[in-house]
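Q: Residue numbers (the numbering used here), protein chains in the order written: chain A, 732 to 1290; chain B, 2 to 85.
Pasting a structure below so you can have a look.
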């Protein structure tokens, strides 16, 4: 049995159905559909499965590949755990939009042509915008509109690229290509915008933290990792991705170090983690590509775990800022432990999932003798522990006593945290099942004594740096300016200035017209008005006189 | 009334924090110690030097904090900056 439709369509259809059902039926849908999707993902064999003609093109809406299956698998697991986390607390719109969003992301991973990719790409943009829009946070509406504008821009760039590429080659195939033509460069840029690449990286930290506690969990998983998937398929070994990825890695660390909002710290760290994957794709060897794909798999799980623990804190306390939080470990033990495991996994501590996946990217750099890349990646690994691994749990759960005494969240929010904490440790201890479903055969042994010792040294001394520099790390109620300043401040200022100036010019035009109209009416009044020369009533005598004059003139002229 | 008793959690007592520091420094020493025995196959020159990952991790983290502090001079704004 094979699937005759994109597996993701199950979740898209389910998402549309969710608003119309309640209670047990809804719970069954939310928990059952992701599992059915996971099953169908594994029913799609390699190669083109479904083809159909559209205009002059042969589309392949269902295409099986190992890397697509890997991403489809983790997306389905994510939809399941995210659905459970959101089940009782999220608004109906959010839950429905999140499922349609997850489904379209899964559908991208089973696309065999660029047109299908584009259709589901745009569906993702709509779904994710609605997830932000459905939030209970006060500034969500504005954030969702800015989010949508960035993604519409990215979508337009991608579409122009695809059209130019098809005009160039006549091929709609979604396959490895080089960014060596106008169209293919635009396709690369379109993919990179969704990955959070510079200069537009700010959309992630702008929009994601404004979503609801559960909304951010969904958002963290799909958009950026679908972009990683498309880059993986279309642009492996494209060297420009190495500097782009390294920039993202350090951008995420630096901005997260300065940040005060706990979920914005984690949003910056999404850019950081995707940077590792983009760098791996740029290196482009089987080792590095395996590293990028497996890191995406591990990352989705531990990042969702971190955001679930942050979301639980927000749900219970209503507070998001490190300056308002602290000391929560006393009353939120499950959230603290699960968040701590997520923090260890993102830092790639030995015996966590990050350790067995990220190391392959660094190994790819070693194999290619890319010394500078390797040194930067290693420094960045230490920096991950600094900005996410310690900073997040320290300021939220330890630090000083904020006086807050929230309890752990409801069970439906605890179970997915425990599940993902289990997976983060489980994959770290026993990576073989993950390695078995990677696109290329794995010849990498993560657990050698030198490797474990090296990573422990790196991370623990990064931890020492954190505590030595703790006075420098104290949070202040501030934000850091980013590229979004250009469209949030500069753009508005420009727009306001334009309004002021055009209003002034308009006022002048209106004044001039009024003066002109006034002089015309005045003239009319003067000549035709009640006292005007042409409107006077003339006495009969003067009429007789004028008749006499006319008759006299007539006589004179006649003779 | 019981608020202060709660603050007295064993993890936040000065005594326990001192113990935690001693344990932490012990663990740090323990991770560097194997460098006497094993050969970190240096792929890139200094990577093979003694305790490379320890000093490299520490110094790069200090560097990243310094860079972020310098950038913050230019980039930091009150978090109500965009609200106006």
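In this text, a Cβ means the ideal position worked out from N, Cα and C, and glycines have one as well.
All figures in this text were calculated on a predicted structure; none of them were measured in a lab.
(1) Look at the alpha carbon of residue 972/A and the alpha carbon of residue 1019/A, and state the distance between them as a whole number of angstroms.
(2) Under 7 Å, CB to CB, which of the residues in the region 1209 to 1243 of chain A have a partner in chain B?
(3) What's the C-alpha gap between residue 839/A and residue 802/A?
(4) Please identify, using Cβ separations under 9 Å, the residues of the region 1182 to 1202 of chain A that lie next to chain B, in order along the chain.
(5) Which same chain residues, not among the five before or five after residue 811/A, have their C-beta less than 7 Å away from its C-beta?
(6) Residue 1030/A: buried (16+ other C-beta within 10 angstroms of its C-beta) or exposed?
(7) Can you tell me which of 878/A, 1012/A, 997/A puts its alpha carbon nearest to the alpha carbon of residue 909/A?
(8) So with Cβ pairs under 7 Å, would you call residue 985/A a contact of chain B?
(9) Just how far apart, CA to CA, sit residue 891/A and residue 1007/A?
(10) Look up residue 910/A in the DSSP assignment and say whether it is helix, strand or coil.
(11) Hey, does residue 18/B have any beta-carbon neighbour from chain A nearer than 7 Å?
(12) Using Cβ-Cβ distances below 8 Å, what residues of the region 23 to 34 of chain B are close to chain A?
(13) Just reading off the alpha helix (DSSP H) that residue 883/A is part of, what are its end residues?
(14) Which same chain residues, not among the five before or five after residue 737/A, have their C-beta less than 7 Å away from its C-beta?
(15) Tell me whether residue 847/A is buried or exposed, calling it buried when 16 or more other Cβ atoms sit within 10 Å of its Cβ.
(16) For residue 1114/A, go through chain B and note every residue whose CB falls closer than 8 Å to its CB, in chain order.
(17) Going by C-alpha distance, which of 824/A, 826/A, 1038/A, 942/A is nearest residue 873/A?
(18) For residue 77/B, which of helix, strand or coil comes out of DSSP?
(19) Taking C-beta to C-beta, are residue 1130/A and residue 1057/A nearer than 7 Å?
(20) Can the beta-carbon of residue 1120/A be found less than 7 Å from the beta-carbon of residue 1078/A?
(21) Please give the ranges of any alpha helix (DSSP H) in the region 1115 to 1177 of chain A, keeping only runs that are unbroken, at least 4 residues long and fully inside the region.
(22) Considering Cα atoms alone, identify which of 1209/A, 944/A, 967/A is closest to residue 1015/A.
(23) What residue range does the beta strand (DSSP E) around residue 1209/A cover?
(24) Quick one: is residue 81/B buried, meaning 16 or more other Cβ sit within 10 Å of its Cβ, or exposed?
(25) Less than 7 Å between CB atoms is the rule here; does residue 1110/A satisfy it with respect to chain B?
(26) How would you list, in chain order, the residues of chain B whose beta-carbon sits under 9 Å from the beta-carbon of residue 772/A?
(27) Distance check for residue 751/A and residue 1002/A, CA to CA, integer angstroms please.
(28) Ignore the nearest five residues each way along the sequence and tell me which others in residue 852/A's own chain have a CB closer than 7 Å to its CB.
(29) Which class does residue 1082/A belong to by DSSP, given the choice of helix, strand or coil?
(30) Considering only the alpha carbon of each residue, which of 836/A, 822/A, 795/A, 1027/A lies closest to residue 740/A?
(31) Please report the distance separating the alpha-carbon of residue 1124/A from that of residue 881/A.
(32) Do residue 954/A and residue 859/A have their CB atoms nearer than 7 Å?
(33) Please say whether residue 1022/A and residue 1091/A have beta carbons closer to each other than 7 Å?
(34) What would DSSP say about residue 1268/A, mapped onto helix, strand or coil?
(35) Drop a sphere of 10 angstroms on the beta-carbon of residue 869/A, count the other beta-carbons inside from all chains shown, and report buried for 16 or more, exposed for fewer.
(36) Would you call the CB atoms of residue 772/A and residue 823/A closer than 7 Å?
A: On the basis of the data shown:
(1) As a position in the first chain, residue 972/A is number 241, starting the count at 1. As a position in the first chain, residue 1019/A is number 288, starting the count at 1. Each residue's CA atom was taken as its position, placing residue 972/A and residue 1019/A some 13 Å apart.
(2) 1209, 1210, 1211, 1212, 1219
(3) Taking the first chain and counting its residues from 1, one reaches residue 839/A at position 108. Taking the first chain and counting its residues from 1, one reaches residue 802/A at position 71. Going by the C-alpha atoms only, they are around 10 Å apart.
(4) 1184, 1185, 1186, 1187, 1188, 1189, 1190, 1191, 1192, 1193, 1194, 1195, 1196, 1197, 1198, 1199, 1200
(5) Your numbering for residue 811/A matches position 80 in the first chain. For residue 811/A, where only same-chain residues beyond five positions count, the Cβ hits under 7 Å are 762, 765, 766.
(6) Against the first chain, residue 1030/A aligns to sequence position 299. Flag for residue 1030/A reads buried.
(7) On the first chain, position 178 is the one that residue 909/A refers to. Checked all of 878/A, 1012/A, 997/A; the closest Cα to residue 909/A is 1012/A.
(8) Taking the first chain and counting its residues from 1, one reaches residue 985/A at position 254. Output row for residue 985/A: interface = yes.
(9) Reading the first chain from its first residue, position 160 is the one you call residue 891/A. Reading the first chain from its first residue, position 276 is the one you call residue 1007/A. Taking the straight line joining both Cα atoms gives about 28 Å.
(10) Within the first chain, numbered from 1, the residue matching residue 910/A stands at position 179. In the structure shown, residue 910/A sits in coil (DSSP, three-state: anything other than H, G, I, E or B).
(11) Position 17 of the second chain, counted from the first residue, corresponds to residue 18/B. No, residue 18/B lies away from the interface with chain A (no Cβ there is under 7 Å from its Cβ).
(12) So the list reads 25, 28, 29, 32, 33, given in the order they occur along the chain.
(13) The residue you call residue 883/A lines up with position 152 of the first chain. Boundaries of the alpha helix (DSSP H) around residue 883/A: 871 to 900.
(14) Taking the first chain and counting its residues from 1, the one referred to as residue 737/A is at position 6. Cβ-Cβ distances below 7 Å link residue 737/A to 792, 793, 838, 841 in the same chain, with the five nearest sequence neighbours on each side left out; the list follows chain order.
(15) Stepping through the first chain from its first residue, residue 847/A is reached at position 116. Buried: at least 16 other Cβ atoms inside 10 Å.
(16) For the purposes of this step, residue 1114/A is identified with residue 383 of the first chain, where counting begins at 1. By Cβ distance, chain B contributes 61, 62, 65.
(17) Residue numbering aside, residue 873/A sits at position 142 when the first chain is read from its first letter. Among 824/A, 826/A, 1038/A, 942/A, the Cα nearest to that of residue 873/A is on 942/A.
(18) Residue 77/B sits at position 76 when you count from the first residue of the second chain. Residue 77/B falls in the strand class under three-state DSSP.
(19) In the first chain, residue 1130/A corresponds to position 399, counting from 1. In the first chain, residue 1057/A corresponds to position 326, counting from 1. Yes, these two residues count as a Cβ contact at 7 Å.
(20) Numbered from 1 along the first chain, position 389 holds the residue referred to as residue 1120/A. Numbered from 1 along the first chain, position 347 holds the residue referred to as residue 1078/A. Cβ distance < 7 Å, so residue 1120/A and residue 1078/A count as in contact.
(21) 1122 to 1128, 1142 to 1160, 1163 to 1167
(22) The residue given as residue 1015/A occupies position 284 in the first chain. Taking only the C-alpha atoms, the option nearest residue 1015/A is 967/A.
(23) Position 478 of the first chain, counting from 1, holds the residue named residue 1209/A. Residues 1209 to 1211.
(24) The residue you call residue 81/B lines up with position 80 of the second chain. Exposed: under 16 other Cβ atoms inside 10 Å.
(25) For this step, residue 1110/A is matched to residue 379 along the first chain. So yes, residue 1110/A belongs to the interface.
(26) Taking the first chain and counting its residues from 1, one reaches residue 772/A at position 41. Under the 9 Å cutoff, chain B gives no residues; its nearest Cβ is about 38 Å from residue 772/A.
(27) The residue you call residue 1002/A lines up with position 271 of the first chain. The residue you call residue 751/A lines up with position 20 of the first chain. Separation of residue 1002/A and residue 751/A (C-alpha to C-alpha, rounded to the nearest whole angstrom) is 36 Å.
(28) As a working note, residue 852/A is residue 121 in the first chain. Excluding residues within five positions, the ones whose Cβ falls inside 7 Å are 839, 886, 889.
(29) Here residue 1082/A corresponds to residue number 351 of the first chain, with the count starting at 1. It is coil, neither helix nor strand.
(30) Residue numbering aside, residue 740/A sits at position 9 when the first chain is read from its first letter. Among 836/A, 822/A, 795/A, 1027/A, the Cα nearest to that of residue 740/A belongs to 836/A.
(31) One-based indexing of the first chain puts residue 1124/A at position 393. One-based indexing of the first chain puts residue 881/A at position 150. The straight-line gap separating the alpha-carbon atoms of residue 1124/A and residue 881/A is approximately 31 Å.
(32) Within the first chain, the letter at position 223 stands for residue 954/A. Within the first chain, the letter at position 128 stands for residue 859/A. Cβ distance < 7 Å, so residue 954/A and residue 859/A count as in contact.
(33) Taking the first residue of the first chain as position 1, residue 1091/A is located at position 360. Taking the first residue of the first chain as position 1, residue 1022/A is located at position 291. Cβ distance < 7 Å, so residue 1091/A and residue 1022/A count as in contact.
(34) As a first step, residue 1268/A is located in the first chain; it is residue number 537 there, counting from the start. Residue 1268/A sits in coil when the DSSP states are folded into three classes, being neither helix nor strand.
(35) Locating residue 869/A in the first chain gives position 138, counting from the first residue. Exposed is the call here.
(36) On the first chain, position 41 is the one that residue 772/A refers to. On the first chain, position 92 is the one that residue 823/A refers to. Result no, Cβ atoms of residue 772/A and residue 823/A do not sit closer than 7 Å.
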